[in-house]
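Just so you know, full-length UniProt numbering puts 331 at position 331 of the sequence shown, and the rest follows in order with no gaps. Beta carbons are placed, not taken as given, at the ideal position from N, Cα and C, and that holds for glycine. Model, not experiment: these values are computed from the prediction. See structure below.
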Amino acid sequence: MNESAGDFSDILTLLKDNPRGMSVTEIAEAAHLNRNTIARYMDTLRVSGQVEMRTFGKAKVFFLSKRVPVSAMLNLSSEMVLLVDENLRVIQANEALLSFLSVTSDDVIDSLIYEGPAKSLCSDMLTDQIRHAIRGETVRGELRIFRNDQEYYLDQKIYPMVLADGKPGVTVVLDDITEHVRAEAALEQSEAMFRRLVETVQDCIWSVDENAIIRYISPQITTICGYAPDEMIGRSFSDFMPSGADARFSWELTAEVSRETGFTLLEFPFICKDGTRIYCEFSGTPVVLDEESNMFLGYNGALRDVTDRRNAEQGIKRWKLFLDGVMDNIPGIIIVTDVKTNAIVYSNLAAEQFLHMNRSEIRSLPSSKLLSRLGSSHLIDAHDQVKAFRKPVNVPEDRVEVDGTVHYISARVLPMVLSVDREYLLTMATDISDEVVDRNRQLMTRELAFVLEGISSTQEMWVPAMEMLPNISGFEAVAVYQRSIFDDYVLFMSKGGRFAPTIPRDSIVDRIIRKGEPAIFDKYRMGLFLEGTLSIMDNAASLVLMPIVHESRTVACIILGSTTPQLPDTVLRGIVMSTAFQISTVASRCLLQEKLQRERDRTRSYLDVAGVMLVVVRRDGVIEMINRYGAKLLGYTETDLIGRNWFEMIVPAAVRENRLQAFEQMVSGMLNVEDRVYRGPVLCSDGTVKSIRWRNSLLREECGSVAGVVSSGEIIPEEEKQ
């Protein structure tokens with residue numbers, strides 16, 4: 001029996017054959033070894049967790065351990081774990097690391113970390129860090145390696161530890177975050193492209209000159225950092241940043257001069273007026289006078305407070321503790337099932353919280369019943385496949401209902417073989433409900449943007465907006481109020497909930513709507529509505545006001561309501577505010593188009609009732625417009641004439657060549673005939689010829705070139721013909 005190599009198979013076999021336990025004396029007699037030697041061996045086995053000891057009076061009885069060995073626990077972790085002794089020699093590696101290196105345990109164990117198969121993970125810096133850890137320091141960082149022509153990013157944590165023989169060692173924990181890093185880079189690029197495409201307006205608008213001196217900043221800056229605009233105009237943004245960040249900001253801003261498209265500078269610290277520090281995101285574009293001179297004038301852009309987002313991202317990056325609670329600190333749900341008995345042998349803290357059950361309750365359930373609570377039939381099928389083929393199976397997305405609440409989980413089931421008669425199934429599940437909700441909201445937001453893009457009138461936009469806004473915002477009721485001729489806001493249409501028919505003048509709601517800025521009344525701000533005042537919606541516990549502004553005036557307002565006290569988070573607030581701005585922009589465009597259409601219709605009605613023929617002829621002689629009176633005078637409809645050649649269809653053949661020659665001289669500027677009165681015949685649809693007194697005027701483009709001729713004509717009475 002070789003103690004230094006950890007070969008205690010004879011003792012373990014004796015304990016396995018004697019499940020009632022054996023004392024040191026009994027083991028020594030059975031193994032034919034010295035009692036002191038056996039006592040030392042048993043201490044080593046207890047430290048490694050392979051045996052357990054119970055005391056009966058003065059006797060100490062040893063049993064084979066029923067706990068999962070540390071090596072098996074390490075294999076349960078999705079992170080890569082490597083144990084190294086003080087001589088930098090590998091003494092243990094879990095399956096995740098072996099799979100990453102594409103080697104076996106025998107290839108790695110007992111090799112030097114900087115010479116063996118783990119050499120690709122090792123660098124001079126990592127070797128130094130391991131030596132620091134052996135001296136008792138905990139080291140954390142990020143490792144970037146190239147392997148098989150692939151670039152990998154690994155989060156590394158190096159912990160000092162004491163080995164079973166009492167000597168120092170270290171635990172190296174590596175987590176492959178390559179996909180996460182790539183996803184973050186792709187997400188940043190996608191967000192930047194999306195901002196440039198839709199030209200999203202941020203919280204605070206600013207403009208700086210060529211020297212990065214602030215020339216304009218909107219009043220929203222007071223809400224963000226406490227400074228009034230006058231306190232910042234004439235200074236640089238870098239003046240409000242801590243040392244180090246100011247120089248980096250100035251350098252990065254200067255580097256954007258050569259860019260033709262928008263830019264974004266992420267997470268710069270900003271010192272508020274009260275001394276607190278926030279983080280802001282700057283986005284904008286360089287301003288150039290024109291393409292030929294390429295004269296740089298400064299930047300126009302926007303900034304927003306991203307402190308909450310930054311704090312959330314930093315929270316995600318906090319490292320989990322290891323060894324003392326390696327499984328309980330894994331954020332995902334971990335379930336270990338015995339293949340033979342189908343019994344639940346382990347569940348972590350995340351599983352308890354998700355299922356609202358303690359560990360004893362979880363372990364008392366059959367695996368099939370527990371899996372049905374954790375997922376749908378897909379998860380049960382995944383278990384059956386792993387049992388049959390001994391290969392990992394993924395369940396990308398599964399819908400499950402726990403205590404009346406719908407969740408979405410993604411799961412992975414892996415086989416785990418510890419020995420011939422000890423096989424387990426490891427189920428790792430993650431609650432992705434928030435991701436699914438956010439994804440659906442983003443999809444609905446984009447779908448609403450796509451629908452609104454094709455709308456040409458305000459009456460068309462209300463129906464899709466009212467259908468989709470409740471799903472986007474989480475508020476179950478929605479209503480549209482429009483400004484009436486009496487300068488108040490009256491209910492136009494509603495869906496869900498019972499809304500007031502009109503909003504009283506000078507009320508809090510009326511003042512907010514007239515201000516023209518979106519407002520969210522969550523469960524805390526609802527107290528602004530004093531008791532006894534008229535509520536917009538019966539039993540409302542949360543409200544959102546989304547004014548529609550046109551020509552600096554609020555013309556309508558969309559109101560979202562909920563009977564439950566909502567408290568939208570930062571992401572949802574951003575979605576609601578962005579959607580409100582989007583709807584307001586589309587409504588303003590539609591209102592402007594409707595106004596232009598009304599003006600065109602009004603002008604056309606004036607032309608139609610005029611007692612003269614009005615016709616517009618383009619440079620090529622084609623009729624572009626003719627009023628109803630003129631078309632009727634010629635015996636045609638407007639549709640018959642528009643798009644036809646005036647000279648070929650209306651001018652008699654006898655004078656056609658002369659009239660065409662005079663027209664060409666007129667549009668070329670060779671003949672000044674504006675406001676000149678002359679007589680000219682026209683050919684009617686019935687073949688008759690009428691004599692018309694004409695007055696002409698040139699129709700010019702904005703650049704001054706002649707686009708055509710506008711002519712007005714009236715029939716010459718018979719007495720004048722003579």
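So, residue i versus residue j, is the Cβ gap smaller than 8 Å?
i: V395; j: S410; result: yes
i: S542; j: T564; result: yes
i: Y152; j: A133; result: no
i: C280; j: F296; result: no
i: I214; j: S243; result: no
i: V84; j: S65; result: no
i: V208; j: E267; result: no
i: I145; j: L121; result: yes
i: F475; j: Q385; result: no
i: A465; j: I333; result: no
i: C204; j: A118; result: no
i: W462; j: V437; result: no
i: L641; j: A631; result: yes
i: L545; j: A519; result: yes
i: V616; j: V710; result: yes
i: S111; j: V61; result: no
Just mark residue i as buried or exposed, buried being the case when its beta carbon has 16 or more other beta carbons within 10 Å.
i: residue 728; result: Only positions 1 to 722 of the chain appear in the structure, and residue 728 is not among them; the question remains open.
i: F389; result: exposed
i: M670; result: exposed
i: L143; result: buried
i: R20; result: exposed
i: F486; result: exposed
i: K157; result: buried
i: S347; result: buried
i: L489; result: Correcting the residue type first, residue 489 is Tyr in the shown sequence and not Leu. Y489 is buried by the Cβ-count criterion.
i: T223; result: exposed
i: F458; result: According to the sequence as given, residue 458 is Thr; it is not Phe. T458 is buried by the Cβ-count criterion.
i: L528; result: exposed
i: residue 729; result: The displayed coordinates of the chain run from 1 to 722. Any statement about residue 729 would go beyond what the structure contains.
i: C590; result: buried
i: C225; result: buried
i: N94; result: buried
i: R525; result: exposed
Taking the alpha-carbon positions, what's the residue i to residue j distance?
i: G454; j: R439; result: 23 Å
i: I715; j: G708; result: 23 Å
i: L426; j: S77; result: 10 Å
i: F322; j: G516; result: With a pLDDT of only 40 at F322, under the threshold of 50, the placement of this residue in the model should not be trusted; the figure read from the coordinates follows. Approximately 53 Å, taken between the alpha carbons.
i: R619; j: F647; result: 12 Å
i: Y636; j: P286; result: 56 Å
i: L197; j: H378; result: No answer about L197 holds up, because its pLDDT of 39 lies below 50 and its placement is not dependable.
i: R573; j: A580; result: 10 Å
i: G275; j: T337; result: 55 Å
i: R679; j: P717; result: 12 Å
i: M577; j: S494; result: 20 Å
i: S705; j: Q665; result: 14 Å
i: I109; j: T445; result: 54 Å
i: G561; j: H180; result: 38 Å
i: Y41; j: A351; result: 37 Å
i: L596; j: P681; result: 36 Å
i: D308; j: I472; result: 21 Å
i: L14; j: A28; result: 11 Å
i: V413; j: D106; result: 26 Å
i: F56; j: D10; result: 24 Å
i: P652; j: Q582; result: 56 Å
Bridge partners of residue i, per DSSP?
i: P681; result: S691
i: Q150; result: R147
i: I557; result: The amino acid at residue 557 is misidentified as Ile; the sequence shows Cys. Paired residues: Y481 and P547.
i: L414; result: L426
i: A59; result: F56
i: L660; result: In the DSSP output, where bridge partners are listed per residue, L660 has none listed.
i: F521; result: L543
i: A343; result: P366
i: G708; result: R618 and L699
**Message:** Quick check on the DSSP output: what are the complete alpha helix (DSSP H) runs of length 4 or more inside the segment 419-444, in order along the chain?
**Reply:** Taken in chain order, the segment 419-444 contains no complete alpha helix (DSSP H) segment of 4 residues or longer.
**Message:** What ranges does the alpha helix (DSSP H) occupy inside the UniProt domain "PAS" (599-652), keeping only unbroken runs of at least 4 residues that lie completely in it?
**Reply:** Taking only runs of at least 4 residues, the alpha helix (DSSP H) segments lying wholly in the UniProt domain "PAS" (599-652) are 628-634, 638-641 and 646-649.
**Request:** Counting only runs of 4+ residues fully inside the UniProt domain "PAC" (264-318), write out the alpha helix (DSSP H) ranges in chain order.
**Result:** 307-316
**Message:** Please give the ranges of any alpha helix (DSSP H) in the segment 209-261, keeping only runs that are unbroken, at least 4 residues long and fully inside the region.
**Reply:** 220-225, 229-232 and 245-255
**Item:** Minimum length 3: unbroken beta strand (DSSP E) runs contained in the segment 160-186
**Value:** 168-176
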